[in-house]
Amino acid sequence: MKEKTTEDYIIDPDVYICDPVPQQTPDQNMVYPFYDHLRDNRLTTTRCKDCGHITWPPKIVCTECMSDQLEWEDFPPTGKIYAFTVQVGGVPPGFQAPLVYALIDFDNDLRIISPLIDTDPDDVHVGDEVVLKVVEAPRDRVLFFFKLKK
Amino acid sequence: MKEKTTEDYIIDPDVYICDPVPQQTPDQNMVYPFYDHLRDNRLTTTRCKDCGHITWPPKIVCTECMSDQLEWEDFPPTGKIYAFTVQVGGVPPGFQAPLVYALIDFDNDLRIISPLIDTDPDDVHVGDEVVLKVVEAPRDRVLFFFKLKK
Amino acid sequence: MGQKRVALVAAGITKFGKRKATFRDLIAEAGKATFDSNKNISPKDVKAFIISTVYPERSAFQGHPAPLAAEWCGVRPTEFHERVENQCGSGTSAIRTAYAAIMSGLTDLVMVVGVEKVMVPSHKEIFLNAMAGSDREWESCFGVTPPPLFAMVAQAHMQKFGTTEEQLALVSVKNHNHSKTNPYAHHQKGATLEQVMTSRLIAAPLKLFDCSTNTDGAAGVIVALEERAKSLTDKPVYILGTAQINDGYPWVAYPKDWSTWPSLRFAAQKAYEMAGIGPKDVDVAEVHDCFTISEIIEYEELGFCKKGEGGRFVEDGQSDYGGEVVVNPSGGLIACGHPFGATGVRQAWEAYIQLRDEAGTRQVKGAEIFLGHNLSGLGEHHILIYGRS
Amino acid sequence: MGQKRVALVAAGITKFGKRKATFRDLIAEAGKATFDSNKNISPKDVKAFIISTVYPERSAFQGHPAPLAAEWCGVRPTEFHERVENQCGSGTSAIRTAYAAIMSGLTDLVMVVGVEKVMVPSHKEIFLNAMAGSDREWESCFGVTPPPLFAMVAQAHMQKFGTTEEQLALVSVKNHNHSKTNPYAHHQKGATLEQVMTSRLIAAPLKLFDCSTNTDGAAGVIVALEERAKSLTDKPVYILGTAQINDGYPWVAYPKDWSTWPSLRFAAQKAYEMAGIGPKDVDVAEVHDCFTISEIIEYEELGFCKKGEGGRFVEDGQSDYGGEVVVNPSGGLIACGHPFGATGVRQAWEAYIQLRDEAGTRQVKGAEIFLGHNLSGLGEHHILIYGRS
Ligand SMILES: [Zn+2]
Ligand SMILES: [Zn+2]
Chain A
16 MKEKTTEDYI
26 IDPDVYICDP
36 VPQQTPDQNM
46 VYPFYDHLRD
56 NRLTTTRCKD
66 CGHITWPPKI
76 VCTECMSDQL
86 EWEDFPPTGK
96 IYAFTVQVGG
106 VPPGFQAPLV
116 YALIDFDNDL
126 RIISPLIDTD
136 PDDVHVGDEV
146 VLKVVEAPRD
156 RVLFFFKLKK
Chain B
16 MKEKTTEDYI
26 IDPDVYICDP
36 VPQQTPDQNM
46 VYPFYDHLRD
56 NRLTTTRCKD
66 CGHITWPPKI
76 VCTECMSDQL
86 EWEDFPPTGK
96 IYAFTVQVGG
106 VPPGFQAPLV
116 YALIDFDNDL
126 RIISPLIDTD
136 PDDVHVGDEV
146 VLKVVEAPRD
156 RVLFFFKLKK
Chain C
29 MGQKRVALVA
39 AGITKFGKRK
49 ATFRDLIAEA
59 GKATFDSNKN
69 ISPKDVKAFI
79 ISTVYPERSA
89 FQGHPAPLAA
99 EWCGVRPTEF
109 HERVENQCGS
119 GTSAIRTAYA
129 AIMSGLTDLV
139 MVVGVEKVMV
149 PSHKEIFLNA
159 MAGSDREWES
169 CFGVTPPPLF
179 AMVAQAHMQK
189 FGTTEEQLAL
199 VSVKNHNHSK
209 TNPYAHHQKG
219 ATLEQVMTSR
229 LIAAPLKLFD
239 CSTNTDGAAG
249 VIVALEERAK
259 SLTDKPVYIL
269 GTAQINDGYP
279 WVAYPKDWST
289 WPSLRFAAQK
299 AYEMAGIGPK
309 DVDVAEVHDC
319 FTISEIIEYE
329 ELGFCKKGEG
339 GRFVEDGQSD
349 YGGEVVVNPS
359 GGLIACGHPF
369 GATGVRQAWE
379 AYIQLRDEAG
389 TRQVKGAEIF
399 LGHNLSGLGE
409 HHILIYGRS
Chain D
29 MGQKRVALVA
39 AGITKFGKRK
49 ATFRDLIAEA
59 GKATFDSNKN
69 ISPKDVKAFI
79 ISTVYPERSA
89 FQGHPAPLAA
99 EWCGVRPTEF
109 HERVENQCGS
119 GTSAIRTAYA
129 AIMSGLTDLV
139 MVVGVEKVMV
149 PSHKEIFLNA
159 MAGSDREWES
169 CFGVTPPPLF
179 AMVAQAHMQK
189 FGTTEEQLAL
199 VSVKNHNHSK
209 TNPYAHHQKG
219 ATLEQVMTSR
229 LIAAPLKLFD
239 CSTNTDGAAG
249 VIVALEERAK
259 SLTDKPVYIL
269 GTAQINDGYP
279 WVAYPKDWST
289 WPSLRFAAQK
299 AYEMAGIGPK
309 DVDVAEVHDC
319 FTISEIIEYE
329 ELGFCKKGEG
339 GRFVEDGQSD
349 YGGEVVVNPS
359 GGLIACGHPF
369 GATGVRQAWE
379 AYIQLRDEAG
389 TRQVKGAEIF
399 LGHNLSGLGE
409 HHILIYGRS
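As you go down the protein sequences, you meet chains A, B, C and D in turn.
By the numbering used here, the letter at position 65 of the first sequence is numbered 80, and the numbering carries on one by one without gaps.
By the numbering used here, the letter at position 67 of the second sequence is numbered 82, and the numbering carries on one by one without gaps.
By the numbering used here, the letter at position 309 of the third sequence is numbered 337, and the numbering carries on one by one without gaps.
By the numbering used here, the letter at position 167 of the fourth sequence is numbered 195, and the numbering carries on one by one without gaps.
Written out as structure tokens, the structure is:
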């Protein structure tokens with residue numbers, strides 16, 4: 016599967032209503048540190064300083080105790096594939112089949128869904144370990160993909 | 016006020032979500048005859064053959080008796096301005112201030128709101144008579160504007 | 029005075045398909061069909077109106093649909109009106125809201141219209157609009173839409189319970205064959221097992237015929253307080269029970285084992301209790317077969333069969349005429365198509381005709397209890413149970 | 029057992045303004061503020077959840093907001109959840125729906141969050157999105173948005189009743205001055221008559237300061253059945269009456285004389301009757317001042333003054349502290365800004381703090397009765413009346 020270019024993941028970066036990639040800067044998003052970390056190749060989320068609750072995705076208020084005293088925490092470096100599928104039909108505009116989507120479980124008890132990139136669909140198995148692969152998106156943005164751990 | 020070009024009334028004619036001009040063809044709209052009539056410089060709406068009820072805008076089902084036996088009827092050739100305003104600020108994208116909007120009353124007891132075109136705002140008064148002025152829109156579409164009757 | 033009750037007193041539907049019609053044309057058509065179904069009610073009798081619709085803001089560049097829809101149906105509401113939305117479960121949510129509005133005393137009769145204009149001329153935009161339905165910031169931005177998600181559900185169920193691709197396909201075969209007698213369905217040609225099994229792969233194990241179809245459509249019902257209902261028809265269709273749940277958002281926040289849907293089990297239990305019945309009492313059901321695997325898991329969680337035996341249930345014909353319960357006699361989402369805001373209302377329309385013996389050749393003989401189910405996610409479920417009395 | 033009653037038991041709000049926050053950030057902030065307002069309620073106690081929001085599908089590319097919002101507020105609903113929308117009247121509609129859900133017995137406690145992300149980075153798109161709010165096919169396609177429509181309302185009122193531009197301006201002066209004590213308002217600097225009168229012309233006679241402001245914001249309330257409410261706070265704020273109406277769509281289908289709004293008069297009468305009060309009993313009101321002329325006509329149709337005397341009513345200070353009724357102590361839509369889905373819930377938040385004597389320097393002393401009003405068109409009105417007991 017060929018690597019996606021940034022343009023593959025965007026419809027029209029100048030029309031917000033057609034642009035599914037999130038805004039990632041402090042002037043538009045209170046969880047912007049997530050994206051700053053991502054630019055440093057760190058996958059992070061928020062943990063509550065008051066009750067210890069951790070969630071994915073990151074938040075500005077703890078969904079367990081409503082505290083806004085949250086801190087950023089790194090994910091374990093590798094995750095494990097719980098399930099995956101290769102989408103070959105009906106892919107949205109800006110995307111190219113085949114797309115390998117995986118449910119990735121981490122030791123911190125969190126699960127992420129994301130496409131695997133730089134990955135031959137035939138090489139993927141349930142239980143395989145995967146690592147983060149940061150991909151650039153239009154207007155200086157980034158997205159968190161994964162790839163098989165070599 | 017300079018006459019609008021078609022481009023003034025459209026954001027992006029290739030993205031439906033950004034295009035406020037209605038679809039006007041039989042493959043997309045059951046009141047398409049309205050637009051066919053408009054192309055012939057006729058302003059029309061629907062009247063119920065069963066109960067005689069007439070509405071603006073045109074419909075495919077009578078809102079009085081739920082009959083779908085409707086017929087097309089022409090508006091009287093002139094309407095009268097009930098009220099108008101000149102919008103100079105906060106105009107939507109694709110539009111240029113000043114915009115003269117008028118509530119136009121017709122003898123058939125119907126009221127239409129539309130911009131006046133080819134019209135100096137200073138020449139407009141409540142009670143003035145106006146006539147239809149068909150304006151072309153992108154992708155072979157038309158819109159019903161009005162202008163002062165000379 | 030006994031317990032207040034609420035019943036359907038009218039129901040109508042439009043043809044589902046790639047319609048040559050606008051958003052509001054569909055509404056008007058459903059409105060007419062609804063009033064045509066009961067000549068004792070005219071638009072002027074209706075003082076409360078709910079529209080169920082998901083994204084007209086995108087597909088029709090049209091917000092604020094409630095007063096538009098009311099007006100196009102000839103209704104000027106003076107007691108209650110609004111738009112209710114819950115993605116794929118919007119229709120059932122809207123009817124629940126009508127139930128609440130009536131039981132609360134704010135009104136005694138509500139018209140509910142469900143509608144979706146999905147088939148915009150640009151194929152690209154149909155898919156783009158679909159992306160708004162999941163979590164845009166954390167999931168949709170990667171192009172995640174339901175097909176790959178339910179493909180992983182299917183894999184989990186196949187792995188854990190031995191469900192086969194043929195069993196999935198048999199759901200589609202059954203529903204496509206049902207729709208041959210439903211003139212309003214998007215697909216009416218039926219389908220063979222071979223056709224389903226050899227249809228184009230979407231995301232393994234799901235093929236094109238395992239998936240519901242994008243379509244345009246609308247449906248309407250009128251709901252009334254029992255006393256009023258009885259004055260309007262001699263065969264009201266009563267709402268006996270209802271339940272609703274959401275167990276986590278986004279997709280990855282659901283419980284980790286995607287082969288079981290405990291939240292649906294919980295909601296079904298609640299709805300049965302409220303109705304004073306059990307799953308064996310259900311004669312006919314319209315359940316949310318957005319994908320074939322969904323219907324199989326729904327058999328199990330709704331209690332029509334044991335957990336893990338959903339595949340065998342359809343294989344044995346237990347969800348077809350002559351079986352334990354007739355599921356999706358209309359053809360379901362797979363054959364009718366799935367105009368999001370309309371689907372739950374279409375299910376109520378099927379309840380109305382089935383429990384009044386007006387379903388023609390697809391009538392489930394002697395049906396007394398009907399169950400309608402929508403989902404808007406693995407853990408988000410909406411249930412209504414209807415009864416003849 | 030007496031008549032069941034429903035009351036507010038918590039209320040919170042975010043700062044309104046051009047917020048450096050996403051749609052969901054605003055929801056989380058309002059959720060926290062709501063739970064912070066009553067420590068007897070935690071997210072786990074909440075089993076029913078309604079979100080009021082108008083167009084996240086456009087401004088945030090985010091549909092299906094109900095489960096998202098519930099989750100971001102820590103709530104996993106098992107009894108009732110949905111999104112309610114009625115354009116500018118969405119917030120009041122959502123609280124009415126919560127009232128109905130509780131009175132119906134489906135639940136006994138509902139969290140309602142109202143939110144709108146309006147200020148997308150592209151100015152062009154803010155206006156483009158606004159066009160979805162009117163009839164796209166017959167009115168918005170010409171760029172028709174509320175300012176020119178309400179300009180014509182103002183002209184009609186000025187012509188018929190002699191209302192002056194200064195009287196319009198005085199509504200803005202009052203509301204801007206009120207908001208100086210509301211730290212959550214978009215504008216908090218106050219305004220002089222000269223500032224209002226010399227502000228930039230939008231559509232004659234309306235100037236920039238006659239118009240409400242585009243803004244981001246969210247607000248939340250929790251509504252409960254009386255028995256439960258009393259166990260959660262010693263000062264519940266009761267819903268005494270409510271009404272809703274829509275008299276025609278689109279704009280030109282309203283009655284021809286735009287200077288009078290008979291549908292608002294009708295709805296107000298109904299709400300007063302249900303509450304067992306009259307207009308003179310209202311101590312404090314938050315009404316829909318989308319434009320200054322709206323507030324003046326609302327004085328009249330709500331019965332605070334005689335028809336045609338709204339201009340004089342504000343001129344005489346009768347809608348300010350010390351007058352007949354304090355209108356828009358929060359600053360109203362004009363000074364708070366108008367994040368569509370949030371506005372009606374913000375009004376309920378003001379009811380909550382005013383009727384509990386928690387409004388600080390803008391407290392209306394001894395206020396017993398609060399009226400909240402939204403409009404979503406000249407003939408579309410939504411009313412809630414709250415009382416201290
Ligand atoms: Zn916490
Ligand atoms: Zn008729």
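Cβ coordinates follow ideal geometry from the N, Cα and C atoms, glycine included.
Cβ neighbour criterion (16 or more within 10 Å) applied to residue i
i, result
"C:Cys333", "buried"
"D:Glu328", "buried"
"C:Lys75", "buried"
"C:Leu36", "buried"
"D:Glu57", "buried"
"D:Ser240", "buried"
"D:His419", "The structure shown has nothing for residue 419 of chain D, since chain D only spans 29 to 417."
"D:Ser162", "buried"
"C:Ser259", "exposed"
"C:Met29", "With a pLDDT of 46 at C:Met29, under the threshold of 50, the modelled position of this residue cannot be trusted; read the value that follows with caution. Flag for C:Met29 reads exposed."
"D:Ser121", "buried"
"C:Ser417", "exposed"
"C:Lys60", "buried"
Proximity test, residue i beta-carbon vs ligand 2 heavy atom, cut-off 7 Å
i, result
"B:Asp65", "yes"
"B:Glu88", "no"
"D:Ser150", "no"
"B:Ser82", "yes"
"B:His140", "no"
Residue i CB to nearest heavy atom of ligand 1 below 7 Å
i, result
"A:Glu79", "yes"
"A:His68", "yes"
* Asked: Taking any Cβ of chain A, which residues in the segment 55 to 72 of chain D have a Cβ under 8 Å from it, in chain order?
  -> Ala56, Glu57, Gly59, Lys60, Phe63, Asp64, Ser70 and Pro71
* Anything in the segment 170 to 181 of chain D with a Cβ closer than 7 Å to a Cβ of chain B? List those residues in chain order, please. => Phe170, Gly171, Val172, Thr173, Pro175, Pro176, Ala179 and Met180
* Could you tell me whether the segment 147 to 157 of chain C touches the segment 93 to 110 of chain C, using the rule of 3 or more Cβ pairs below 8 Å? => no
* Pairing CB atoms from the segment 170 to 177 of chain D with CB atoms from the segment 292 to 302 of chain D, are three or more of them under 8 Å? -> no
* Asked: Do the segment 77 to 97 of chain B and the segment 84 to 103 of chain C touch if we need at least three Cβ pairs shorter than 8 Å?
  -> yes
* Check distances from the C-beta atoms of the segment 151 to 168 of chain C to those of chain B and list, in chain order, the residues that come in under 7 Å. => Glu153
* **Contact list for the segment 224 to 252 of chain C against chain A, Cβ threshold 9 Å** => Arg228, Leu229, Ile230, Ala231, Ala232, Pro233, Leu234, Lys235, Leu236 and Cys239
* To do: Note down, in chain order, all residues in the segment 37 to 55 of chain C with a beta-carbon under 7 Å from any beta-carbon belonging to chain B.
  => Lys48, Ala49, Thr50 and Asp53
* Interface positions of the segment 91 to 124 of chain C facing chain B (Cβ-Cβ less than 8 Å), listed along the chain -> Glu99, Trp100, Cys101 and Gly102
* To do: With 8 Å as the limit, tell me which residues of the segment 108 to 119 of chain A have their beta carbon closer than that to any beta carbon of chain C; keep them in chain order.
  => Pro108, Gly109, Phe110, Leu114, Tyr116 and Leu118
* Within 9 Å of chain D by C-beta, residues of the segment 72 to 103 of chain A in sequence order -> Lys74, Ile75, Val76, Cys77, Thr78, Glu79, Cys80, Met81, Ser82 and Asp83
* To do: Inspect the CB distances between the segment 210 to 223 of chain D and the segment 90 to 105 of chain B and report whether three or more fall short of 8 Å.
  => no
* Does the segment 275 to 284 of chain C come within contact of the segment 120 to 133 of chain A, defined as at least 3 CB pairs closer than 8 Å? -> yes
* Asked: What residues in the segment 275 to 295 of chain C bring their beta carbon closer than 8 Å to a beta carbon of chain A?
  -> Pro278, Trp279, Val280, Ala281, Lys284 and Trp286
* Asked: When Cβ atoms are compared, which residues of the segment 29 to 43 of chain A fall closer than 8 Å to chain B?
  -> Val30, Ile32 and Cys33
* To do: Select from the segment 184 to 195 of chain C all residues with a C-beta closer than 9 Å to any C-beta belonging to chain A, and list them in chain order.
  => Ala184 and Gln187
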